[in-house]
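Each remark here refers to the structure printed beneath this line.
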Amino acid sequence: MKILKLNGERKTLSQSEINEFFNSIKLKFTKTTFEFDTVKINVQPKNWVEAHEILKNEFKLNFFNWLSAVDWDNEVAVGDPPKEQVTPMFEIMSCLSQTDSNNLVIISTNISKEIPDIESLTPVYRGADWHEREAYEMFGINFLNHPNLKKLYLPDGYEGNPLLKSFELISREVKPWPGDVDVEAMPEDKVATEEEK
Amino acid sequence: MATTMDPNNLPFLSEASVSVEIETEDMTLNIGPQHPSTHGVLRLVAKVNGEKIYNVEPVLGYMHRGYEKLAEVRTYPQVTTLVNRIDWVSGFANEIPFIAGAEKLMEIEVPERAQYIRLILTEMARISSHFVFNGAFPLEIGALTPLFLAMEDRERVLDLLESVTGGRFHPNFNRIGGVKPAAGAGPTTKKDIQDLPAGFYHDTKIAMEKVLEAVERFENLIGGNEVFKARTKNVGILTKEVAEEFGVSGPILRASGVPFDLRKYSDYLPYDNFDFDIPIGQNGDCYDRWYVRTAEMRESAKIILQAIDSMPSGPIQSKVPKVIKVPKGQTYVRAENPKGEMGYYIISEGGLGPYRLKIRTASFSNISILPVMLEGALLPDLIAIMGSLDFVLGDVDR
């Protein structure tokens, strides 16, 4: 077979190359962090599309990885609430990377829950289409200028946005989780119960 | 007496021609959700004119199980059971990026032997996934034989997976900080104590030789078949620019000529200790996508044979607290799965379970190019193009 080109060399980035990439991004976007091997940029909602254009054209991050959102809230219907107080908001995240190195960037922006509007990324990356439809149905975020903003997974008549923290998991209400018995109480919880006694 | 006719001198046939253009009406054709080629339940609404497709809209959600929500009410060790079922053809490979992400947040060093066991089993999952592809793809475009051969060959690999993990498809074998002691393990020799079953090295060597034989057989049986070539060569060409814009990854991206494989670029498992190649296609058509996957099986077998020979000894589990509590932090860890890039964005707020878990799956992005690829394609090519993308609906809908 001649269609094959075999590539045996290894291409992991060295620590200096990783730092160089992070510093070049930090020059352009001031609110950039580098924790647990993940570069994360925070931008204003009004610069959301512009930031992606810069990252695509100047930093050659042309691989659209994913887009999603986080519902930050102190009161949750299921799961554990955040340990520290957070400002209730939606954090929209997208992930861009390259196909000739391991460079990867998470871009995030915070929008209010009252007006959950954000410009669509589909003019910059066509691949954002389905990801934005998923975030639309799961969180109720409006992507302005999206060509086909309708539900992706859920049936047409479905009400509610399942990934909101206020959305209850009905199966847990109907039947308690049997796995609960396996989890021991945390050390501080034990201390608390002893104090109550 | 019947008159014999000279075929070169037929009276009227040379003058006959069709001058009428056949006008066909547009038609909406519903494909699925129970079509066998959809690997689950995918529904396509295609608008066709004659045999030509000019618009396709995939309808998803028939297998949506809401894993991102379910992960929020589970503890970290419980989530691995869940993620096994995302891409059930290669269940073991799904656990790796999640476990690696949790370990990164907890700053746990994994013993080398545990990493080698993970690596061997991940590559076995890759081989088993590509065997399914090598059976299913020819079946969809009309060849029945490779399916039976592929299923028989895959069974050897699944037997090995089962002997170690106890499960054929959903192993749930990874633990934070290492792997669980193997099923049926006992003290066999001085070298392997309580982790791998007796005779594992020997059985693996034999099975990998069989895999290498099977790859060669598939290359001749499928790749050398004229009908298969006619159905797949220059069909469904995907350029690398479109692939990158839609986030298409894995063998499909490499078939379009992009030499990107996270096993070479990232260090989630010690792949740099082994000598292996990345197969790359040239045209980005269905044939190249088949070839890249088949050639990858040979490379995976090579990796496993090298890992067996250089297996380090030592513990398989590092010391972790009895109650797994991940400190506050956010990280994204991705891995090269058989179907493409799979990654988990873990947001931990210091609780027993993740505050939010974003699951990035390969098949979701991979089939989002279906409307682009199928525009202007012929209806018979639809099945060939869909088959060559090698998706699993559990991986699409999550």
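Protein chains in written order, with this note's numbering: chain A, 2 to 198; chain D, 123 to 520. In this text, a Cβ means the ideal position worked out from N, Cα and C, and glycines have one as well.
Between the Cα of residue i and the Cα atoms of the options, which residue gives the shortest distance?
i	options	result
D:Cys-408	D:Pro-437, D:Gln-439, D:Ile-344	D:Ile-344
A:Pro-46	A:Pro-117, A:Phe-37, A:Gly-141, A:Tyr-126	A:Pro-117
D:Lys-362	A:Asp-101, A:Lys-84, A:Leu-14, A:Lys-176	A:Asp-101
D:Leu-318	D:Thr-287, D:Leu-266, D:Ala-215, D:Ala-336	D:Thr-287
A:Leu-56	A:Leu-68, A:Ile-42, A:Gln-16	A:Ile-42
A:Pro-163	A:Arg-173, A:Pro-148, A:Phe-140, A:Ile-26	A:Phe-140
D:Glu-338	D:Thr-197, D:Ala-258, D:Asp-275	D:Asp-275
D:Pro-65	D:Gly-257, D:Leu-511, D:Lys-480, D:Leu-479	Nothing about residue 65 of chain D can be read from this structure; chain D reaches only from 123 to 520.
D:Pro-434	D:Tyr-323, D:Glu-245, D:Thr-146	D:Tyr-323
D:Gly-172	D:Leu-166, D:Arg-165, D:Glu-145	D:Glu-145
D:Ala-258	D:Ile-208, D:Arg-482, D:Tyr-176, D:His-161	D:His-161
A:Ile-119	A:Ser-95, A:Gln-99, A:Lys-27	A:Ser-95
D:Phe-486	D:His-186, D:Asp-148, D:Phe-270, D:Gln-156	D:His-186
A:Phe-60	A:Trp-67, A:Ala-52, A:Asn-66	A:Ala-52
D:Ile-481	D:Val-357, D:Ile-328, D:Leu-192	D:Leu-192
A:Ser-98	A:Leu-122, A:Met-90, A:Ile-108	A:Ile-108
A:Tyr-159	A:Ser-172, A:Glu-138, A:Gly-128	A:Glu-138
Report buried or exposed for residue i, applying the criterion of at least 16 other Cβ atoms within 10 angstroms of its Cβ.
i	result
D:Arg-240	buried
A:Glu-18	exposed
D:His-292	buried
A:Val-175	exposed
D:Ala-365	buried
A:Lys-151	exposed
A:Leu-153	buried
D:Val-226	First, the residue type needs correcting, since residue 226 of chain D is Lys and not Val in the sequence shown. When all chains shown are included, D:Lys-226 counts as buried.
D:Pro-180	buried
A:Phe-64	buried
A:Gln-86	exposed
D:Lys-174	exposed
A:Glu-21	exposed
D:Asp-394	exposed
A:Val-50	buried
D:Glu-335	exposed
D:Gly-213	buried
A:Thr-39	buried
A:Asn-149	exposed
A:Lys-84	exposed
D:Ile-208	buried
Does residue i get closer than 8 Å to chain A when you measure Cβ to Cβ?
i	result
D:Glu-262	no
D:Arg-482	yes
D:Asp-519	yes
D:Arg-478	yes
D:Tyr-189	no
D:Ile-469	yes
D:Phe-340	no
D:Glu-366	yes
D:Gly-516	no
D:His-161	no
D:Lys-226	yes
D:Asp-325	no
D:Gly-473	yes
D:His-186	yes
D:Gly-369	yes
D:Leu-375	yes
D:Gln-452	yes
Rounded to whole angstroms, how far is the Cβ of residue i from the Cβ of residue j, which I believe are closer than 8 Å?
i	j	result
D:Ile-400	D:Thr-326	Contact doesn't hold; Cβ gap of about 23 Å is too wide.
D:Ile-505	D:Glu-262	5 Å
D:Val-170	D:Leu-151	5 Å
D:Gly-321	D:Glu-463	With a Cβ gap of about 35 Å, D:Gly-321 and D:Glu-463 do not count as contacting.
D:Tyr-454	A:Leu-165	Actually they do not touch by this definition, with Cβ atoms about 22 Å apart.
Is residue i close to chain D, meaning its C-beta is less than 8 Å from at least one C-beta of that chain?
i	result
A:Asn-20	no
A:Gly-128	yes
A:Thr-100	yes
A:Asp-81	yes
A:Ser-167	no
A:Ser-69	yes
A:Ile-119	no
A:Lys-84	yes
A:Lys-198	Note that A:Lys-198 scores 47 on pLDDT, short of 50, meaning its location in the model is unreliable; the coordinates nonetheless yield the value given after this. No, A:Lys-198 lies away from the interface with chain D (no Cβ there is under 8 Å from its Cβ).
A:Asp-157	no
A:Ile-42	no
Beta strand (DSSP E) runs contained entirely in the segment 99 to 124 of chain A, provided each spans 3 or more residues:
105 to 112, 118 to 120
What are the start and end residues of each continuous alpha helix (DSSP H) run of 4 or more residues lying completely inside the segment 214 to 246 of chain D, in chain order?
none
Mind pulling the beta strand (DSSP E) runs of 3 or more residues that sit fully within the segment 46 to 88 of chain A?
64 to 73
Just list the alpha helix (DSSP H) runs in the segment 339 to 390 of chain D, keeping only unbroken ones of 4 residues or longer that don't cross its boundaries, in chain order.
348 to 354, 362 to 367, 373 to 377, 384 to 387
Whole alpha helix (DSSP H) elements within the segment 264 to 331 of chain D, 4-residue minimum:
267 to 287
Output the residue ranges of the beta strand (DSSP E) runs that lie fully inside the segment 437 to 511 of chain D and measure 3 residues or longer, sorted by chain position.
451 to 459, 462 to 470, 478 to 482
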